[in-house]
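This report refers to the structure that appears directly beneath it.
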Amino acid sequence: MIKIAFLGPESSGKTTLAEMLTKKLNCSLVSEYARKYLENKPDYSIQDLKKIAEVQSRELYKKSKKTEMFLISDTCLIDIEIWSEVKFKTLDPEIKKNSDEEKFDIYFLCKPDIPWEEDPLRESPLNRDFLFDKFKEKLSSRKKKYYELYGRLDNRLAFCLDIISRNK
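Residue numbering for the sequence shown is 24 to 191, as defined by our numbering.
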């Protein structure tokens, strides 16, 4: 099974691309649990991020037990790690440990070069480039195999499919 994660700042096309790729490859999608969790909880703490990370990991584990060729994840724990560091200026050791242990074969880092789409759960319209750089730093320091996605969504999808075909 080839496990693929989409990550990046808010409103950078992660969910749209993950859903498009899931349909194209006819495989399972691990959705971003944070959206569901925070829908009715506008105020949250680092403990909530810990809970989100636990459920996200559990969902990834469950879906990785299927016998499909691909598994797409709309996020990964690096996302929650950066979120915690930026929002709360600290990182729970358990989130860090689980993030370090989480493994994907391909990481697609979405550049925030598409227009910001307002959403009640989104918080950071002005620091997307800063966050993008944080993702690059984390991925590089951990020697993760990642590819930057930029430009129109159809071009991003074509690039993803090309990269995946070369990594089969």
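A virtual CB, placed ideally from N, CA and C, is assigned to each residue, including glycine. None of these values were measured; they are calculated from a predicted model.
- With respect to L132, Y169 sits close: the two C-beta atoms are nearer than 8 Å.
- When only Cα atoms are considered, T45 and T38 end up about 10 Å apart.
- Runs of the beta strand (DSSP E) lying entirely within the region 30 to 92, each at least 3 residues long, are 51 to 53 in chain order.
- Looking at the DSSP output, I25 shares a beta bridge with F93.
- Residue burial is scored here from C-beta neighbours: G174 has fewer than 16 other C-beta atoms within 10 angstroms and is therefore classed as exposed.
- In the DSSP annotation of this structure, the continuous segment of the beta strand (DSSP E) that includes I129 starts and ends at 129 to 133.
- Looking only at F158, L40, W106, the smallest Cα-Cα distance to A57 is reached by W106.
- Three or more beta-carbon pairs drawn from the region 48 to 65 and the region 83 to 100 are found closer than 8 Å, and the two stretches are therefore classed as touching.
- Counting the other CB atoms within 10 Å of its CB gives P65 a total below 16, which places it among the exposed residues.
- Here K161 really is in contact with I101; their C-beta atoms are around 5 Å apart, less than 8 Å.
- DSSP places E160 in the helix class (H, G or I) of the three-state scheme.
- Per DSSP, reduced to three states, the secondary structure at E140 is coil, with no helix or strand assignment.
- Taking a C-beta distance under 8 Å as the contact criterion, S68 and I137 do not qualify as a contact pair.
- Residue environment analysis places E125 among the buried positions, since at least 16 neighbouring C-beta atoms fall within 10 angstroms of its C-beta.
- Beta-bridge partners assigned by DSSP to L172: C133.
- F93 and D128 have their C-alpha atoms roughly 10 Å apart.
- In this structure, the beta-carbon distance from L176 to L40 falls below 8 Å.
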